[in-house]
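The opening position of the sequence shown corresponds to residue 1 in this note's numbering, with each subsequent residue numbered one higher.
Worksheet: one structure, shown below.
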Amino acid sequence: MTATLAQDTSYRLPTPDGVELAVTFRPSDGDSVVVLSHGFLSDRHAGGRFDRLADEYAALGHAVLRYDFSGFGLSGGDVVDGDHLLADLRTVLDHLDGLGYTHQVLHGQSLGSAVSLRVAPERSAVVTLVLTGALTGAGGGDAPYPFLTPEQVVAWYRDEDVHLEGSGRTVTVNRLRPKVGSTGTQEELLTAVRVPVLVIHGDTGHSERALLAITEAGRRWLPAGSAVEVVAGSEHTFVEHQDEVAALATAWVRRHV
Numbered sequence: 001m002t003a004t005l006a007q008d009t010s011y012r013l014p015t016p017d018g019v020e021l022a023v024t025f026r027p028s029d030g031d032s033v034v035v036l037s038h039g040f041l042s043d044r045h046a047g048g049r050f051d052r053l054a055d056e057y058a059a060l061g062h063a064v065l066r067y068d069f070s071g072f073g074l075s076g077g078d079v080v081d082g083d084h085l086l087a088d089l090r091t092v093l094d095h096l097d098g099l100g101y102t103h104q105v106l107h108g109q110s111l112g113s114a115v116s117l118r119v120a121p122e123r124s125a126v127v128t129l130v131l132t133g134a135l136t137g138a139g140g141g142d143a144p145y146p147f148l149t150p151e152q153v154v155a156w157y158r159d160e161d162v163h164l165e166g167s168g169r170t171v172t173v174n175r176l177r178p179k180v181g182s183t184g185t186q187e188e189l190l191t192a193v194r195v196p197v198l199v200i201h202g203d204t205g206h207s208e209r210a211l212l213a214i215t216e217a218g219r220r221w222l223p224a225g226s227a228v229e230v231v232a233g234s235e236h237t238f239v240e241h242q243d244e245v246a247a248l249a250t251a252w253v254r255r256h257v
């Protein structure tokens with residue numbers, strides 16, 4: 001597979017819910033594409049980390065699509081809604097199906113990993129997943145987000161909108177809009193996936209250590225050929241460890257696509 005000289009193109013992609021997603025797409029001459037799904041309070045650039053990964057994947061000869069979830073970045077949407085986030089990725093993959101990309105890789109960070117895990121079993125074109133800072137457990141149901149202030153937790157349980165600062169945008173959440181994966185068990189989630197999964201975690205910081213422990217507890221339910229890698233010294237966003245993440249991710253994709 002040879003690298004493409006194509007340039008990024010940004011455009012709006014409408015969902016069935018009438019929301020327009022902000023998309024950045026780099027085409028290729030082949031039939032493979034990597035879809036990058038960002039984390040909570042982030043966007044399709046992920047502070048430059050997804051831009052760097054897009055270059056890495058494109059150098060392997062794959063098309064690359066980055067997008068802002070509805071309610072984030074430059075996409076439409078008012079309140080973050082778990083069902084809409086799932087619909088966002090389905091819309092992106094339908095679009096790529098129409099463009100003829102029959103080998104699709106889902107790369108999700110944090111929230112993006114939760115969405116990718118739940119959509120992948122529906123899609124025959126998905127050949128592998130790369131999940132960083134992954135949420136591989138069952139949904140948290142009605143529990144508030146762990147980083148809310150005491151005042152915001154009170155508002156959450158009053159069914160009031162809670163406003164959080166994201167990447168250049170105020171993100172609004174409300175408990176009446178279900179989180180991604182608010183039902184089901186970890187076993188149901190992971191056994192539904194039929195393609196190899198690479199899970200990359202850090203081992204630093206309370207939240208990332210907790211996520212790693214959840215993945216380790218469910219490792220036996222990952223599909224055959226899957227792997228769990230730990231980047232020593234890294235926290236949840238891998239800001240200081242982008243080289244290690246890129247090396248692991250590109251080696252994995254090179255092996256499976």
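Here a beta-carbon is modelled for each residue, glycine too, at the ideal position from N, C-alpha and C.
Cβ distance (whole Å) where residue i is taken to contact residue j below 8 Å
i      : j      : result
Thr132 : Ile200 : 5 Å
Trp221 : Thr191 : 5 Å
Arg44  : Arg66  : 4 Å
Val34  : Arg118 : With a Cβ gap of about 18 Å, Val34 and Arg118 do not count as contacting.
Leu211 : Ala134 : 7 Å
Boundaries (first-last residue) of the beta strand (DSSP E) holding residue i
i      : result
Arg26  : 20-26
Glu165 : 162-165
Gly202 : 197-202
Pro14  : 9-14
Thr132 : 126-132
Val173 : 170-173
Sub-8 Å separation of residue i and residue j beta-carbons
i      : j      : result
Leu111 : Phe40  : yes
Arg26  : Ala46  : no
Ala22  : Gly73  : yes
Ala138 : Val193 : no
Gly202 : His163 : no
Thr172 : Asp161 : yes
DSSP-derived helix/strand/coil call for residue i
i      : result
Arg118 : helix
Gly82  : helix
Tyr101 : coil
Ala227 : strand
Ser70  : coil
Ser32  : strand
Thr4   : Because Thr4 sits at a pLDDT of 44, beneath the cut-off of 50, its placement in the model cannot be relied upon, and the following sentence gives the value as read from the coordinates. Coil.
Extent of the continuous alpha helix (DSSP H) to which residue i belongs
i      : result
Ser207 : 206-218
Val253 : 242-256
Ala155 : 150-157
Leu189 : 186-191
Inside the stretch 36-61 only - alpha helix (DSSP H) runs reaching at least 4 residues: 49-59
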